[in-house]
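So my numbering is basically just the index in the sequence shown, starting at one, shifted up by 19. Read through the structure below, which is laid out as structure tokens, and then see the notes.
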Amino acid sequence: MGHESDATFTVTITGQPAVDYIGAVAVIKAGQAGDHDEDHEYGNQPHFDLTVPGPSCQEPPEPTYAISGMKFNDENENGVNDEEPGLEGWTINIEGPDQLNDSTTTNEEGNYNFSDLSSGSYTVCETQQEDWEQTYPADNNGCHIIEIEDEDADGVDFGNYQAPIEEEPETLGSITVCKIIIDSEENIVDGSELFGAEFNISGLTPDPELSTGSPAGEIPTSTFTTPLLFTDDLIGDDEANDAQCITYTDLTLGGYYYGEETSPDSGWEEPLYNDQFTIQVTSLDDFFEYDDKLFDEDYSNDGSRDKNVDGHIVLTENWPDRTLVVLNQYQEIQQESLTILAYKVVCESEEDLPNWATLGVQSGKPDIITENTAQDYVTASNGKCWLEADWDFQWGFNGQAQKQAGDHIGPAPEGTGWNDFSFSTGIDIPAQVQINEIEEGVSKIWVRENLKENYSPFANFYGGLQDDVSAEMLCHDDILNYDNYDYIRAPQLGETYYCIAFNASEEEEPEEGVQPGDIVINEIIQNPDTVSDSDGEWFEIYNTTDSDIDLEGCLIRDDDINSHTINSSLVVPAASYAVLARNGNPGENGGITPDYVYSSFFLVNTADEIILECDDTEIDRVEYDGGPDFPNPTGASMILADPVLDNNVGANWCVSTSSFGDGDLGTPGAVNDSCAEEPEPEAEPEDTIISGCKYNDINNNGQIDQEEEKLGGWTIVLEKQNGEDWEQVTSAITPQEGDNQGCYLFDGLEAGNYRVSESMAGQTGWIQTYPGSLSYIVSIDENETLSDIDFANYLSCTDNDGDGYAVEGGDCGLIDSDDNNPDVNPGVEEICDNGIDDDSDGNVDGDDSDCQVSPPVSGGGGSVVIFGLTVFNEKNEEVLTDTVTVTWFTNMPATSRVVYDTVFHSTLNDSPNYGYAFSITEDVNKVTFHTVIIIGLTPNTTYFWRAISHSSPPEILGRELTFTTGSVQEEGVEEEAEEIPLEDIEKGLKEIGDRIETLRAEIEIISPQVPTETPVVETEAEEIEEEIEEEIEEEEEEEEEVITAEAEEEGGLGFNQFLAAISGIFNLKDFSGNLFWILLLALVALFILFYLTKKGIKKEDENTWLILITAAAISVIMAFLMQYYWILFFPIILLIILLFFGKRKKEEEKKKRPFF
């Protein structure tokens, strides 16, 4: 047995069997095996043969592998298996080596497996199912490419989510209800002849058993009031609107029912109908009487009646839009009516209101208020007044209406005899009412306005002073003065009367200073790439208001230790940007020119805060986080998608895409890039659009010329007609810059009638020149575009005295309070004792800050500090045609120089001339009283100048003053006071007397239609007389109270005035010579007096008196340095006491001496 072979062999075993069988293998136990001998005979001994397989000589089989994974429901659509459920029954396909092409199905847990795979490259895909979107894998067309080498591949997953099933949109319908009116001769009219007639067409929901078809819904009641506003063209092909229509949209298909129209009881024929089922309305013959049999219990013939007038409208897929037209005809008009039309005129301020009540015809008041009076006054106001819309009026008969006088807000209380007008005011449309009957004995019709909040009150000055101006109501020939009601005397049917209510808007004062939200942090670059952080960090802010904002004094900080106070003027223009940076050098900071350079503040690249505070109020804050919510770019700025969004929400920010400067990305000082993802190009949907532009009509020709520029910052208002009312839909502000500068666009509109107008609020000095009607009323269909709905205005600036300042203010600049006096304007210095508001700031003399000594500030103009050089007391000494002499003081010896220009400088530039065009050569001689002569000036020209001095650097500037050189003709000519002719004085006195008589006559006015002896009239006349006398007495009492209050407030005769008068007597600051010598002389005099009285002072009192005399000296010094000359009274009084005390002491000492 010792050999080996690849074949089997046979072993013969003799003796007792001694083997155990294990399968086909025999195990021979030790000691029982014998030698194999083919020739040996075993006799009767038991034996058997065993075949044992030998070792195989074949190669072992190749290894196999598996690919497995899961099909999961990606419910959050993020392409990641977030332990989401598996999907059963999905087919997974595999392709691989040896033309393998197989598939399997996922089990109930979403798992699948491919086994017995050899090494190689396999493609595993899923079979898509309808309404499912694949999210993983996202590439290779949704398949996995698997390379197997020596191990299984698991986690070969597939993710899908179920897309929402888009339902077919429900078809919706509409019903349009229209009204047509014809007169007795069958002419189509608006019904204004029977003013205020109301018609109601109600929607019904009847019992389905008493009608054909089930109701699908109920349309609202449609109300029409005469006169109609023609909105649609129904009759004929003349393209002229002849009906007013109301459309109800988004109605479910099905049946709708309408009831019989309710109309006025008299003056009208029975209405006719057509719901346009089979007979379309093309003429007046296509209307029928209402069929009222539809809703009775006999409905057997409902299906056979005339479907055009059965009160039943059915909206179907084929006919989803239907129209109901109701025709009304009025009978021949025989009754006359009285019409009252009332206008509301609102002005910017009370000063712009007329003073007609007291001045009468002298102020341009017409004898009778007509249909043109209100519009003429508005036109003459140059944009300061306008006709107000949505204003309500009431009327009542005398003896019934209880007067709601003065400042009563809103309508009169119920039960007080007042009736509402039929219509409120519209744009250029008066409020209206028609009165068809005047009761017997009525001699007056009272009219009042429903006053609103935030309008100026009524003064109620009957026969008051000539310069009183107040809100006022005037009707016809104007009876009462300065109240919110008036009456029409002796009213007649068939007549039309006009009223005007004047008032001024009293808008709430805006909060002072910068408010939260006024400034928005709009762009941040915290991690530049082309330059270092220390040079290239910057951020941008945006002004959301329509006014410039100066941030000087505001604080930039974070929540840690970084902060910086803005220490110079930083003006952010209205609706514009400013850039703040760490480095102001464009060659070092990446290529920007910032508006302000800060220090001690830097931006952390990952997460930090930018906080802006003004006057301890947080204006804006951004807390960026470095990535979780906010962008975290390198070499690019973070930008806010829109300044109106919350800039402390990271989702509202994105990364710039535009390059600037040295190559980083950003838009410093400009509109940010768009944060919206670029959509795939698709066909633009149709839209309903109204658009236009706002132009500057420079030549005031009422036309839009090619060269005229577009204006940004104007508000365009869009209103939609809703029945009789106009409701504001939206508004738009025309952009200040960009491709769409000055233009607006309203899109996404519904079909209908719209009114487009511009808002004049805040547009002082502008007069609208186009269109002539001040607004547009347009009708637009669905998917229609109306463009070129343009507006144009002309800026009218009145400068009668030629001083460069206008009376309008606003866009015309600072307001000139006296446009007939060139010496009064915002560019001159206030003269403190002439009773005139010289600098037009609303404050006169002592009330003006220029005349109030404020705490001394270094470098100011008009006040002095004790330490440091200061310029003060600048003056124009002598002004000629081409020469001026100016003077000023300094508190210590300093040089002299003057800079001057022909324009006003609100801010200063860099030295040496600080932005002024001209400068004289500096006089290096150091003095305290400075005199400079400027020559070579242009005659009849206004100049602005500042004094400049320095004792040691830096230079100190005084305040800006102005002077106007004289003309050649007027030099040396003395002006003589104009003498008022005696006849003019007499004429004026006569006019005053006439006015008094007129007022007395008005008290005694009695209507000619009512007998004089009628008790009612006598009572009314007595009431008016008593009312006027009481109000005159009240006015006198109020004037006495005002005078008393003013006297008490000013301290009797006025302490400040008294001191000013004494100061004027001394007028020490006008002494010629050097102020230093005057001051020195005063001090020497004090100490001489002290020496002369010293002998009368006891030794123990010398220190006390030395302190007193020193205090007196300090008082003298302060009086001269601070220009509080009344302080000189204290040392004078002290010296008098000192002299008296010294003399008395000497007399006492003399008495105590021995006689001998």
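Don't be surprised by glycine CBs; every beta carbon is placed ideally from N, CA and C.
- Our two residues, N293 and F249, have alpha carbons roughly 19 Å apart in a direct line.
- For C831, the three-state secondary structure derived from DSSP is helix.
- By the neighbour-count criterion, in which 16 or more other beta carbons inside 10 Å mark a residue as buried, P246 falls on the buried side.
- Counting C-beta atoms within 10 angstroms of its own C-beta, S588 has fewer than 16 neighbours from the protein chains shown and is therefore classed as exposed.
- With contact defined as three or more Cβ pairs closer than 8 Å, the stretch 440-451 and the stretch 405-414 are in contact.
- Rounded to whole angstroms, the separation of the alpha carbons of R965 and S553 is 40 Å.
- For Q413, there is no enclosing alpha helix (DSSP H); the enclosing beta strand (DSSP E) has its first and last residue at 412-416.
- Taking all protein chains in view, the Cβ of Q148 is surrounded by fewer than 16 other Cβ atoms within 10 Å, so the residue is classified as exposed.
- Around the beta-carbon of T889, 16 or more other beta-carbon atoms lie within 10 Å, marking it buried.
- By the Cβ rule, the stretch 257-271 counts as touching the stretch 184-203, because three or more pairs are nearer than 8 Å.
- Annotated three-state conformation of D439 is strand, per DSSP.
- Judged by beta-carbon spacing, W672 lies beyond the 7 Å limit of L684, meaning their Cβ atoms are not closer than that value.
- Within its own chain, the residues whose Cβ lies closer than 7 Å to the Cβ of D261, once the five positions on either side in sequence are excluded, are I199, I207, F249, D252, L253, I254, listed in chain order.
- Collapsing the DSSP output to three states places A216 in coil.
- Within the DSSP secondary-structure output, M492 pairs in a beta bridge with A520.
- DSSP places T398 in the uninterrupted alpha helix (DSSP H) bounded by 392-399.
- A residue is called buried when at least 16 other Cβ atoms come within 10 angstroms of its Cβ; K90 meets this threshold and is buried.
- Ranked by Cα distance from K713, the options P754, E370, N522 are led by P754.
- Distances from the alpha-carbon of T734 to those of G682, S677, N812 put N812 closest.
- For K739, the beta-bridge partners assigned by DSSP are E746, Y773.
- Fewer than three beta-carbon pairs drawn from the stretch 299-314 and the stretch 362-378 are found closer than 8 Å, and the two stretches are therefore not classed as touching.
- C-alpha of I298 to C-alpha of I454: approximately 40 Å in a straight line.
- With 16 or more other Cβ atoms inside 10 Å of its own Cβ, T984 counts as buried.
- Boundaries of the alpha helix (DSSP H) harbouring G555: 552-555, taken from the DSSP string.
- Here D121 carries a strand assignment [DSSP, helix/strand/coil].
- Across the structure, E289 and V345 are spaced so that their CA atoms are roughly 10 Å apart.
- When only Cα atoms are considered, E205 and Y349 end up about 9 Å apart.
- Bounds of the beta strand (DSSP E) holding F765 are 762-765.
- Membership of Y155 in the beta strand (DSSP E) is indicated by the continuous run 151-155.
- Rounded to the nearest angstrom, the Cβ distance from S710 to I808 is 7 Å, consistent with a contact under 8 Å.
- Rounded to whole angstroms, the gap between the alpha carbons of C851 and A393 is 41 Å.
- For F908, the uninterrupted beta strand (DSSP E) segment begins and ends at 903-920.
- DSSP places T1129 in the helix class (H, G or I) of the three-state scheme.
- Under DSSP, Q453 shares a beta bridge with T358.
- When the beta-carbon positions are compared, I387 and V452 stay at least 7 Å from each other.
- Residue range 980-983 is occupied by the beta strand (DSSP E) that includes L980.
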